[in-house]
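Colleague: This note's numbering runs 42 ahead of the 1-based position in the sequence shown.
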Amino acid sequence: MIVVLVALIAFVGHGGRSSVPPARGQPPAATGALSVVPDVVADVEPSVVTVLVGDGLGSGIVYRSDGVIVTNQHVVASAAGGAVEVAFADGRRVPGRVQAADAVSDLAVVKVERTGLPAAKFREQQPRLGELAIAIGSPLGLENSVTAGIISGVNRTLPGVDGSGGQGGQGGSGGQGGSGGQGGSGGQSGSGEQGAAAGPRVDLIQTDAAISPGNSGGPLLDAEGRVVGVTEAYVPPQSGAVSLGFAIPSATVVDAVDQLLRTGTVRHAFIGIQSVTLTPQIADQLGLSVRSGALVIGVVDGGPAARAGIQPGDVIRSFDGRAVTSVEDFSAELRSVDPGQTVTLTVNRDGKNVKLRATVTDRPT
43 MIVVLVALIA FVGHGGRSSV PPARGQPPAA TGALSVVPDV VADVEPSVVT
93 VLVGDGLGSG IVYRSDGVIV TNQHVVASAA GGAVEVAFAD GRRVPGRVQA
143 ADAVSDLAVV KVERTGLPAA KFREQQPRLG ELAIAIGSPL GLENSVTAGI
193 ISGVNRTLPG VDGSGGQGGQ GGSGGQGGSG GQGGSGGQSG SGEQGAAAGP
243 RVDLIQTDAA ISPGNSGGPL LDAEGRVVGV TEAYVPPQSG AVSLGFAIPS
293 ATVVDAVDQL LRTGTVRHAF IGIQSVTLTP QIADQLGLSV RSGALVIGVV
343 DGGPAARAGI QPGDVIRSFD GRAVTSVEDF SAELRSVDPG QTVTLTVNRD
393 GKNVKLRATV TDRPT
């Protein structure tokens with residue numbers, strides 16, 4: 043049972059992982075670097091596949107030479123019985139099966155009966171702004187298409203990407219969404235309760251390399267041909283702006299995929315609240331003295347937050363001493379801790395700051 047404070051405010055879910063600090067000695071920025079693109083593509087193209095699910099498709103990456111492929115969960119979500127078909131750059135098509143998937147991280151493992159495959163190299167260090175970014179995939183069903191640009195941002199947050207366009211509704215332009223399968227433009231810019239698959243997507247890499255429906259699950263590469271991220275979502279052009287592409291960082295991918303291969307699941311911290319970003323307008327409406335933070339509107343009975351004493355109406359202002367100004371801030375912080383850890387939350391209640399300690403648990407399945 044969930045105690046809800048304000049029914050008129052949409053629910054927003056939380057969950058996630060931490061970002062990886064930049065490493066020294068990384069490749070130079072993209073200026074003048076486009077000359078390397080043909081060589082990078084020639085090296086990596088054999089490691090990129092097309093994943094076909096019914097009438098839709100997405101992209102994938104050879105993770106291990108024994109037939110393990112990584113793609114987005116939303117690409118294979120509609121696979122009947124987990125059955126898919128995988129098309130390789132050499133023209134061969136083989137049946138595959140979804141071995142494990144995780145909707146929260148939007149990653150899935152597909153297994154094919156084929157050995158000696160060229161596995162891609164994953165770079166776990168965070169890319170620098172301005173580095174060359176190369177995307178390979180099957181946008182709109184055009185297999186092995188290549189686009190290039192730069193790394194435009196890191197640690198980006200998208201509200202409500204759920205990838206529901208993964209298998210391709212026709213022609214909708216929607217809000218932010220998964221780059222999806224052939225014909226679709228992604229999910230609604232919606233929200234979900236704590237524990238649901240939908241919710242803010244945090245710690246994403248942003249690129250201006252063109253990402254389109256069908257790119258989902260394909261690689262975003264650096265100038266050395268290493269995978270820096272798995273393409274996941276794009277925002278269509280709005281008000282004259284160019285479209286924006288987003289990718290899951292390789293550090294997140296490697297951690298999640300290794301867990302999926304080992305246990306079939308990915309552990310995510312759960313605290314058991316529903317919250318929305320507190321804006322000045324909402325603060326005025328509710329007569330609150332603070333103007334920003336994560337406003338708690340629901341608490342899961344018996345969950346970590348309830349046991350810690352968090353109540354509907356509390357405004358979370360900090361997480362282990364780090365400022366929280368929005369739901370996205372809170373989601374990113376929650377992604378940075380593991381189940382079993384105890385965290386200190388500062389909440390504003392009736393105009394006073396209160397510190398509470400909560401021990402997060404595994405996200406319910």
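Glycine residues also receive a C-beta, built at the ideal position from the N, C-alpha and C atoms.
How big is the Cα-Cα spacing for ALA311 and ALA122?
Modeller: Numbered from its first residue, the sequence shown carries residue 311 at position 269. Numbered from its first residue, the sequence shown carries residue 122 at position 80. For ALA311 and ALA122, the distance between alpha carbons rounds to 29 Å.
Colleague: Enumerate in chain order the residues of its own chain whose CB-to-CB distance from ARG391 is below 6 Å, with the five nearest sequence positions on each side excluded.
Modeller: The count along the sequence shown starts at 1 and reaches residue 391 at position 349. Once the five neighbours on either side are set aside, the close Cβ partners of ARG391 are ASP356.
Colleague: With a Cβ-Cβ cutoff of 7 Å, do GLY345 and GLY382 count as a contact?
Modeller: To locate residue 345, count along the sequence shown from 1; it is residue 303. To locate residue 382, count along the sequence shown from 1; it is residue 340. Not in contact: GLY345 and GLY382 (Cβ atoms no closer than 7 Å).
Colleague: Exposed or buried, ALA84, counting other C-beta atoms within 10 Å across all chains shown (16 or more means buried)?
Modeller: Reading the sequence shown from its first residue, position 42 is the one you call residue 84. Exposed: under 16 other Cβ atoms inside 10 Å.
Colleague: Indicate whether the contact test is met: 3 or more Cβ pairs, each with one atom in the stretch 174-191 and one in the stretch 253-261, closer than 8 Å.
Modeller: They touch, by the three-pair rule.
Colleague: Please classify PHE288: does DSSP put it in a helix, a strand, or coil?
Modeller: Start at 1 with the first residue of the sequence shown, and residue 288 comes out as number 246. DSSP places PHE288 in strand when its eight states are reduced to three.
Colleague: Considering only C-alpha positions, which residue in the set VAL379, ALA374, ARG309, ARG364 is nearest to ASP404?
Modeller: Within the sequence shown, the letter at position 362 stands for residue 404. Among VAL379, ALA374, ARG309, ARG364, the Cα nearest to that of ASP404 is on ARG309.
Colleague: Hey, quick one: how far does the beta strand (DSSP E) through LEU94 stretch, first residue to last?
Modeller: Here the question's residue 94 lines up with position 52 in the sequence shown. From DSSP, the beta strand (DSSP E) with LEU94 extends over 90-95.
Colleague: Alpha carbons only, please: which of ALA75, ASP371, SER101, ARG243 is nearest the one belonging to VAL190?
Modeller: By one-based count along the sequence shown, residue 190 stands at place 148. One point to set straight first is that residue 190 is Ala, not Val, in the sequence displayed. Minimum Cα distance to ALA190 is reached at ALA75.
Colleague: Using 7 Å as the threshold, is the C-beta distance between SER194 and ASP264 below it?
Modeller: Counting from 1 along the sequence shown, the entry for residue 194 is found at position 152. Counting from 1 along the sequence shown, the entry for residue 264 is found at position 222. Taking 7 Å as the Cβ cut-off, SER194 and ASP264 do not qualify as a contacting pair.
Colleague: So what's ARG66 in DSSP terms, helix, strand or just coil?
Modeller: Translated into positions along the sequence shown, residue 66 becomes position 24. The pLDDT assigned to ARG66 is 45, lower than 50, so where the model puts this residue is not dependable; a value taken from the coordinates is nonetheless given after this. It is coil, neither helix nor strand.
Colleague: Per the DSSP calculation, THR403 is bridged to which residue(s)?
Modeller: On the sequence shown, residue 403 is found 361 positions in, with the first residue counted as 1. Its beta-bridge partners are PHE312.
Colleague: Given GLU375, which residues of its chain have a CB within under 6 Å of its CB, disregarding the five upstream and five downstream residues?
Modeller: The count along the sequence shown starts at 1 and reaches residue 375 at position 333. Answer for GLU375: PHE361, listed in chain order.
Colleague: Give the range of the alpha helix (DSSP H) segment to which GLN115 is assigned.
Modeller: Taking the sequence shown and counting its residues from 1, one reaches residue 115 at position 73. That run of the alpha helix (DSSP H) goes 115-118.
Colleague: Within its chain, find whatever has a CB closer than 7 Å to the CB of PHE372; leave out the 5 residues flanking it on each side and keep chain order.
Modeller: The residue labelled residue 372 in the question sits at position 330 within the sequence shown. The residues are HIS56, SER317, ALA336, ILE358, PHE361, VAL366.
Colleague: In the structure shown, what three-state DSSP assignment does ALA16 receive?
Modeller: The structure shown does not extend to residue 16, since the chain is modelled only from 43 to 407, so the question has no answer here.
Colleague: Inspect the beta-carbon positions of ALA143 and ALA150 and report whether they are closer than 7 Å.
Modeller: Counting from one through the sequence shown, the residue named residue 143 turns up at place 101. Counting from one through the sequence shown, the residue named residue 150 turns up at place 108. Contact flag set, yes.
Colleague: Among residues of its own chain, excluding the 5 on either side of SER331, which ones have a beta-carbon nearer than 6 Å to its beta-carbon?
Modeller: By one-based count along the sequence shown, residue 331 stands at place 289. Answer for SER331: GLY393, listed in chain order.
Colleague: So the candidates are GLN327, VAL402, THR294, LEU387; which of them puts its Cα closest to the Cα of SER147?
Modeller: In the sequence shown, residue 147 corresponds to position 105, counting from 1. For the residues GLN327, VAL402, THR294, LEU387, the minimum Cα distance to SER147 belongs to THR294.
Colleague: Does the distance from the CB of THR92 to the CB of SER180 come in under 7 Å?
Modeller: The residue labelled residue 92 in the question sits at position 50 within the sequence shown. The residue labelled residue 180 in the question sits at position 138 within the sequence shown. Yes; because the gap between Cβ atoms is below 7 Å, this pair is in contact.
Colleague: By Cβ distance below 6 Å, which residues in the same chain neighbour GLY124 in space, the five residues on each side in sequence not counted?
Modeller: Counted from its first residue, the sequence shown places residue 124 at position 82. Result list for GLY124: ARG139, VAL140, in chain order.
Colleague: If the criterion is Cβ atoms closer than 7 Å, does the pair LEU94 and ALA177 meet it?
Modeller: Within the sequence shown, the letter at position 52 stands for residue 94. Within the sequence shown, the letter at position 135 stands for residue 177. No, the Cβ-Cβ distance between LEU94 and ALA177 is not below 7 Å.
Colleague: Taking the alpha carbon of ASP380 as the reference point, which residue from ASP297, ALA348, VAL86, SER77 has its own alpha carbon closest?
Modeller: Position 338 of the sequence shown, counted from the start, is the residue given in the question as residue 380. Ranking ASP297, ALA348, VAL86, SER77 by Cα distance to ASP380 puts ASP297 first.
Colleague: Would you check if the distance between the CB atom of SER107 and the CB atom of LEU159 is smaller than 7 Å?
Modeller: Residue mapping note: residue 107 aligns to position 65 of the sequence shown, counting from 1. Residue mapping note: residue 159 aligns to position 117 of the sequence shown, counting from 1. In contact: SER107 and LEU159 (Cβ atoms closer than 7 Å).
Colleague: Give the range of the alpha helix (DSSP H) segment to which ILE358 is assigned.
Modeller: Counting from 1 along the sequence shown, the entry for residue 358 is found at position 316. Premise fails: ILE358 lies in the beta strand (DSSP E), 357-361, not in any alpha helix (DSSP H).
Colleague: Quick check: what's the CA-CA separation for VAL389 versus VAL269?
Modeller: For the purposes of this step, residue 389 is taken as residue 347 along the sequence shown, with counting starting at 1. For the purposes of this step, residue 269 is taken as residue 227 along the sequence shown, with counting starting at 1. So the alpha carbons of these two residues sit roughly 40 Å apart.
Colleague: With distances taken between CB atoms, is the gap from ALA400 to ALA347 smaller than 7 Å?
Modeller: For this step, residue 400 is matched to residue 358 along the sequence shown. For this step, residue 347 is matched to residue 305 along the sequence shown. Yes, these two residues count as a Cβ contact at 7 Å.
Colleague: CB GLN248 to CB ARG170, shorter than 7 Å?
Modeller: In the sequence shown, the residue the question calls residue 248 occupies position 206. In the sequence shown, the residue the question calls residue 170 occupies position 128. No, these two residues do not count as a Cβ contact at 7 Å.
Colleague: Thinking C-beta only, is PRO88 closer than 7 Å to ALA145?
Modeller: Along the sequence shown, one-based indexing puts residue 145 at 103. Along the sequence shown, one-based indexing puts residue 88 at 46. Going by C-beta atoms, ALA145 is not nearer than 7 Å to PRO88.
Colleague: Excluding the 5 residues preceding and the 5 following ALA129 in the sequence, name in chain order all residues of the same chain whose CB lies nearer than 7 Å to its CB.
Modeller: The count along the sequence shown starts at 1 and reaches residue 129 at position 87. Result list for ALA129: VAL91, THR92, LEU94, ARG135, GLU185, in chain order.
Colleague: Using three-state DSSP, classify GLY183 as helix, strand or coil.
Modeller: Here residue 183 refers to the residue found at position 141 when the sequence shown is read from its first residue. Residue state, collapsed to three classes: helix.
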